[in-house]
Ligand SMILES: Nc1ncnc2c1ncn2[C@@H]1O[C@H](COP(=O)(O)OP(=O)(O)OP(=O)(O)O)[C@@H](O)[C@H]1O
Ligand SMILES: [Mg+2]
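In the numbering used here, the protein residues as written are 3 to 279.
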């Protein structure tokens, strides 16, 4: 069927302002297709988390003024009741945040925390729950034995803790995962491992990912398309290749020009002989 319009998974058209301040998001329009990984890049304070919170219905409506529509699987999320949103969050739309160790409860074993996440949206026997938990841990390449399940967050590395949070986020096989600076607190090697994990989960489960970051370089490796957020609006959106090869907006050009370039490193012998003189 050529020319058939494919309904996007998520279609956002919103303006948001906090109290009586100027708008943070101004007629922001962005679409995410099923199974797609879309990067949302913008500098600190540009409104990335505000957009994530608006999609998840987590902004305090008494403090914020929200206008527009967020269509997701046939309904406008802005029109849903708090009860309907609670049924959706963590089940159909999941969120992974920046600081894994502060997102986990330090006083509870990870087994308890994963069980709570499972029971928030599913019934079934304890054996079934444990099966789902072990399977989610295996999906994020963590051990799933009893010894690991008995660990407290403080007994894990930050990379392991982020994997536990991702396991929690994918427990209910959400259609959309929002990752808000999910790798920003990690060292470069762990960051690259977690980025590969997101890509792998996207391929194996078909889950769409809205990958939010201030770091254009980290987004480039995993995203199908990238949307650039600047002054409250999407100023440019294209495939990763288009954004890097042919950025048309001045702000995108600046972002690309600001990426670190690797200069050739002189051989060690030259450095040693220079320092000896
Ligand atoms: N609860 C709030 N009340 C008032 N203003 C807020 C609130 N939360 C965010 N803001 C303001 O909205 C703007 C956008 O903030 P937001 O946290 O969405 O940016 P961000 O792009 O996620 O930044 P970062 O990269 O630092 O996480 C900022 O100017 C911020 O000060
Ligand atoms: Mg943020």
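The beta carbon of each residue, even a glycine, is placed where N, CA and C say it ideally should be.
Because the structure is a prediction, the values reported are computed rather than measured.
Per DSSP, cross-strand counterpart(s) of residue i
| i | result |
| --- | --- |
| residue 231 | 236 |
| residue 69 | 17 |
| residue 33 | 13 |
| residue 78 | 73 |
| residue 98 | 181 |
| residue 43 | 215 and 230 |
Residues of its chain near residue i, where Cβ-Cβ distance is below 8 Å and the 5 sequence neighbours each way are ignored
| i | result |
| --- | --- |
| residue 199 | 142, 143, 165 and 168 |
| residue 208 | 36 and 37 |
Alpha-carbon to alpha-carbon, residue j and residue i
| i | j | result |
| --- | --- | --- |
| residue 18 | residue 202 | 33 Å |
| residue 16 | residue 29 | 5 Å |
| residue 184 | residue 196 | 9 Å |
| residue 80 | residue 226 | 27 Å |
| residue 158 | residue 237 | 40 Å |
| residue 20 | residue 58 | 16 Å |
| residue 260 | residue 193 | 20 Å |
| residue 263 | residue 102 | 30 Å |
| residue 206 | residue 89 | 24 Å |
| residue 146 | residue 134 | 10 Å |
| residue 109 | residue 154 | 7 Å |
| residue 71 | residue 78 | 6 Å |
| residue 179 | residue 131 | 21 Å |
| residue 8 | residue 118 | 36 Å |
| residue 3 | residue 105 | Per-residue confidence for residue 3 stands at a pLDDT of 46, beneath the threshold of 50, marking its modelled position as unreliable; the derived number appears in the next sentence. Approximately 45 Å between the Cα atoms of the pair. |
| residue 256 | residue 44 | 12 Å |
Spatial neighbours of residue i in its chain, beta-carbon cut-off 6 Å, leaving aside the 5 residues before and after
| i | result |
| --- | --- |
| residue 182 | 51, 54, 99 and 214 |
| residue 73 | 13 |
| residue 93 | 123 and 174 |
| residue 258 | 249 |
7 Å CB neighbourhood of residue i in its chain, flanking five on each side removed
| i | result |
| --- | --- |
| residue 22 | none |
| residue 234 | 25, 26, 27, 28, 30 and 49 |
| residue 68 | 16, 18, 56, 61 and 80 |
Any non-hydrogen atom of ligand 4 closer than 8 Å to residue i Cβ
| i | result |
| --- | --- |
| residue 214 | In the structure on display, ligand 4 does not appear, and the ligands it does have are ligand 1 and ligand 2. |
**Request:** Could you name the residues whose beta carbon sits closer than 5 Å to any heavy atom belonging to ligand 1, keeping them in chain order?
**Result:** Shown in chain order are the residues whose CB sits closer than 5 Å to a heavy atom of ligand 1: 20, 26, 46, 47, 48, 49, 50, 51, 52 and 216.
**Request:** Examine the Cβ distances between the segment 33–42 and the segment 60–67 and report whether three or more of them are shorter than 8 Å.
**Result:** No, the segment 33–42 is not in contact with the segment 60–67.
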